[in-house]
Amino acid sequence: MTEQRTPWTEDQVRALAPDASSLAAARKLAGRWRETGTADNAVWGLCQGSGAKPYQAIVDLDGPAYKCSCPSRKFPCKHTLSLLLTWSGGQTPGRDAPADFAAEWLAGRAAKAAAPPKAKAASTPSQATVEQRRTRVAAGLTELEVWLTDQIRTGLAQTDRSYAAYEAIAARMVDAQAPRIAETLRRLPTAVVTTEHWPELLLREYARLHLLVLAHRRLDALPEPLQAGIRTHVGYPTTAESVLTEPAVRDRWLVLGMRVSEEERLHTRRTWLRGRSSGRWALLIEHSFATPNFTGEVPAPGSEVDAELHYYPGAASLRAQWGTRHGVPEPFTTIPAVGGTTIDAALDAYAAGLSNDPWLRAWPALLTDVVPVLDENGWQLVAADGTALPLPAGVRPWRLIAVAGGHPVTVCGEWRADGFDPVSVFSGGEVSDLETDFPTDTTPTPALAELVSVALLGTARRSADGVHLDAAVATAVPQHAGEPATRLLHTAALQDLYLRGGQLPRTASKPEPAVDDSRPLLPRPAADRLSRLLADKSPFLPEWFAAATPFDFRLPDVLCVQALSAAASDAALRAPLLRLTGRRGRWLAARNPAWAKLVDEFPSETSTSRTQTPATNDAGAVMAQDVWLFGTSGERKDWFTRIRRDDPASALAVLTSAWPKESWPVKAELLALLADGLSSADEALLERALDDRRGDVRRTATTLLNKLPDAAFGQRMAALVASWIRVAGDGTVEVAVPAELDAQARRDGITDATDQAKLRWDTPDSTITTLHQAIAATPLTAWAPIVHTTEAEAASTALTLSLPPRYAKAIVDGWVDATLAQRDTGWARALFAHATPTEQAVLRRRELFTLLDAADRIEHVLDLDAHQLNELHAILPGLDHPWPAQVATHVLRLLGERARTTARAPHANAGVYTDRALLTAASVHLPVALASRITALADTTEDPAWQQAFHRLAHDLTDRATMLEELR
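Take the sequence shown: its position 108, counted from the start at 1, is 143 in the numbering used here, and no numbers get skipped.
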């Protein structure tokens, strides 16, 4: 067997994806692979698509380069991404040699690489061509200068700021072969309509263009590096071949950040590199039209590679191009503090860049030991000495503050005129993307306000001579004569440069950091899995949470933002997610208004470990009292739940004592916690709660009293029902419900749900609601004397009665609700077999099913055949998870029958689409050990769609098995 490459990490594969949709689609293909293999520098496999012939996918790891027989125009396509994910997961076996279809393509690439390079035609333009272009550019810039001065002379408030106006001058710049200037002009109308401080923005941009026009006019008199930079800003082309002739700079380059942006369907990926030895920055820029289809040659953030870079010519050289690589990318865990990593060093580097290239918009910076702060002054990064840098308006780096938690971290980003734009954070030996976009919001600059005011009115109406300027700028301005509009543009350019290059750091206080969480960290594979499950809203989430709960993991800090967002929007996931985020999540939620409501729902600090039990000594008593008296709603409920579980009597005594002083918002919530371990001892407090003014408190009390058949409440309900219902000897039922109820019935909550009859039974008759509520609260044992039979026969006898049509549905639904509340197996068996709840209560049938004995539930499922799949799907959620072996075998047999029916008669309404709900349920609840059996079923299935569905089902089970293994 040939030597095998170490599989790439999932992060490395993820970095190759052209877009998020391709990566998501790739994950769904995981169960469709066969004949996969890896040998030397290649990975290959066959992926079953919608057609009969599978797609052939090959990856040359040395490029990397990709080959797939699918028609996709994305590189890599979803099939090659899925293949790489399969290889990354260790599911691709090693082979002695590539498959034939892969070997042919790999051999062709090897032959092409070994062939001598073809001589390229000279790409250097002739001198005449260069002069012709420069003349054309100069003429266009002269027109631009006239247009700029016209704008300032007339006044920004009076000029045409429409898209058409800017498109006209931009088109002229394209004709003049100045495309970068045209790009700038085309962005301005959007900025005008989306930016509150648009006059200042226009003046800055017009002054910048004015300065560029002047510089191009004196191009020959400037140093060569500055000439190159000016040509770049204008839009003169720079070929890749000419860049590769620049001196190579070799270092171990750390990939610190990556960001993709899109403008008019042109996707741009920027990657920031920093030399480990030199501390020098480099920026790789890639473009892709229509789709973000970038090459895979750029390593993922967090990687370093020994390579040579060639910088584009310029006075402030930053953009670079790959040269020769001397190794493969490897992860790094440290970043050396070379080249300046302080706030002062970042400002100095930016000022130096501006002095070399006045049109520079941003310069990268690495800040070590800074703390992200959100205070009354907005977002800032604060160093150990209290100096601070602001973040641009509109940037909300919650992932950054989550990772830091008030502690010092290392941040990579760009310093701009309006603040530090964070791109990634380095903490705990890992680089985490902050998922921020380029800032678009702006803040006004007071030092430019007077110049902006003049520009807004126009130099034809107001002179700029009396405008206050900084001394250095005022000294430089008189040296340049010209008309007022030109002088204003020149003054604005100098003042703007002075302000940007001379910015000083602020000062700020650091926040109180988050308390450390001593629980074990969720393993990285499991954390990545949870992130994907949350993003996809996967049905596997309940199983994941159930499996993770005994370990009491804490979530990696970088995922706290995603977890809190999910907890805020989905109440079903809230409790397990808040426990996972723990102390860091609570600290973070308190700082974000969107999550503030979650703060009270976090579990108490005393329950961060599930191995703890309530303390019984004096210190424990004091701590318990503090939590109960002063804790948040979530802390108090969590503490009470644990006390209730370990000592129900003590918990009842605590709640009874505090009941008169409890505020109404939490009364119902605390009362509901009595459901765990509910007993007759709780009856007295529940009876007190019936007198509460809050309807939700009374309803909670009646719900719990319904579950105590021997309580006085149940006896009162039984007496009411017995007085309203008469059963004749022939089984005929007469019902007489009074329109007005006495005070005791009203106290018992009979009239609380006034709209139930209309919503549930489509009738305004309030007596129907009254009867239903009374029956639902009546002990089922009380029906034996009412229907004149024994207690054992009460359910079957009641279901044979001739009920009056007006009340029939309400009576049956009342029996169902009482059965579910009292968890009576005998009544559940009778109702499930004979009764038909109303359409609105059809889901209660599933709940009745769960009350049956396990053997009865399994027997009922086994009695269903392939023609009763709707019934099967309706009750399967009532089974234990995972499904019992007998049920799993039966479901697979039924699905196999459906597949064979489809193969024999394609139009027999037995296709995969018809049974997708059952297949989805099977993927969630089948035992994971059945994956190999389902794969065998897929291999013997003749229908392609069913074959694909079975492969997908097998993959889902394998995926669940891996998911559970990741937690161990």
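We treat Cβ as the ideally placed atom computed from N, Cα and C, and that holds for glycine.
Bear in mind that the values here come from a model prediction, so they are computed numbers and not experimental data.
For G429, I'd like the list of residues in its chain whose CB is within less than 7 Å of its CB, leaving aside the five on either flank, ordered along the chain. Non-local beta-carbon contacts of G429 in its own chain, meaning distances under 7 Å to residues more than five positions away in sequence, involve P474, T475, D476 in chain order.
Mapping DSSP to helix, strand and coil, what is Y241? helix
Taking the alpha-carbon of S837 as reference, which of T860, S801, R782, T767 has the nearest alpha-carbon? T767
Is the separation between the beta-carbon of Q47 and that of G129 shorter than 8 Å? no
Which residue marks the beginning of the beta strand (DSSP E) containing E70, and which one marks its end? From DSSP, the beta strand (DSSP E) with E70 extends over 68–74.
Limits of the alpha helix (DSSP H) - the one that D991 falls within: 979–1001
Starting from the C-beta of L469, find all residues in its chain whose C-beta is less than 8 Å away, skip the five residues before and the five after it, and write them out in chain order. P432, R434, L435, P457, V458, S459, V460
Is R496 near the ligand COA - that is, is its Cβ less than 7 Å away from at least one heavy atom of it? Ligands displayed in this structure: none; no statement on the ligand COA is therefore possible.
Could you tell me which of G517, P443, W316 sits nearest to A418, measuring between CA atoms? P443
How about L708 and F675: are their beta carbons less than 8 Å apart? Yes, the pair counts as a contact, with Cβ atoms nearer than the cut-off.
So what does DSSP say about F748, is it helix, strand or coil? helix
Can you tell me which of A780, C447, R680 puts its alpha carbon nearest to the alpha carbon of S462? C447
If we ignore side chains and look at the alpha-carbon of each, how far apart do G730 and G749 end up? 19 Å
Considering only residues of the same chain and omitting the five flanking positions on each side of A736, which have a CB-CB separation below 7 Å? L706, L721, A724, L725
Would a C-beta distance cut-off of 8 Å place L492 and A192 closer than the cut-off? yes
7 Å CB neighbourhood of W579 in its chain, flanking five on each side removed: Around W579: L565, L568, M998.
C-beta atoms of S313 and G358 nearer than 8 Å: no
S161 - DSSP class collapsed to helix/strand/coil: coil
For C103, does the three-state DSSP call read helix, strand or coil? strand
Could you check whether the stretch 374–383 touches the stretch 287–302, counting it as contact only if at least three pairs of C-beta atoms, one from each stretch, sit closer than 8 Å? No contact exists between the stretch 374–383 and the stretch 287–302.
Please tell me whether L887 and R864 are closer than 8 Å, where the distance is taken between their beta carbons. yes
Would DSSP call Y271 helix, strand or coil? Look at Y271 here: in three-state DSSP terms it is coil, with no helix or strand label.
Looking at the structure shown, is W316 part of a helix, part of a strand, or coil, going by DSSP? strand
Beta-carbon spacing of G310, A351 below 8 Å: Contact: no.
Just reading off the beta strand (DSSP E) that H925 is part of, what are its end residues? Where H925 is concerned, there is no enclosing beta strand (DSSP E), although the alpha helix (DSSP H) it sits in stretches over 920–939.
Report the option in R360, A283, L244 whose CA atom is closest to the CA atom of G270. L244
Beta-bridge partners of R761, as assigned by DSSP: DSSP output for R761 lists E769 as bridge partner(s).
Work out the CA separation of A55 and T41 for me, nearest whole Å. 25 Å
Residues of its chain near G485, where Cβ-Cβ distance is below 7 Å and the 5 sequence neighbours each way are ignored: The sequence as given places Glu at residue 485; Gly does not occur at that position. Taken in chain order, the residues that qualify are V502, H503.
Range covered by the beta strand (DSSP E) that runs through Y90: 90–95
DSSP three-state assignment for R221, whether helix, strand or coil: helix
Have a look at P585 and G464 and give me their C-alpha separation to the nearest angstrom. 28 Å
For V772, is the classification buried or exposed, using 16 other Cβ atoms within 10 angstroms of its Cβ as the cut-off for buried? buried
Continuous beta strand (DSSP E) stretch holding D456: start and end: 454–462
For L236, the nearest candidate out of L426, A528, L599 (CA to CA): A528
For A372, collect the residues of the same chain with a Cβ closer than 7 Å to its Cβ; drop the 5 residues on either side in sequence, then sort them by chain order. T403
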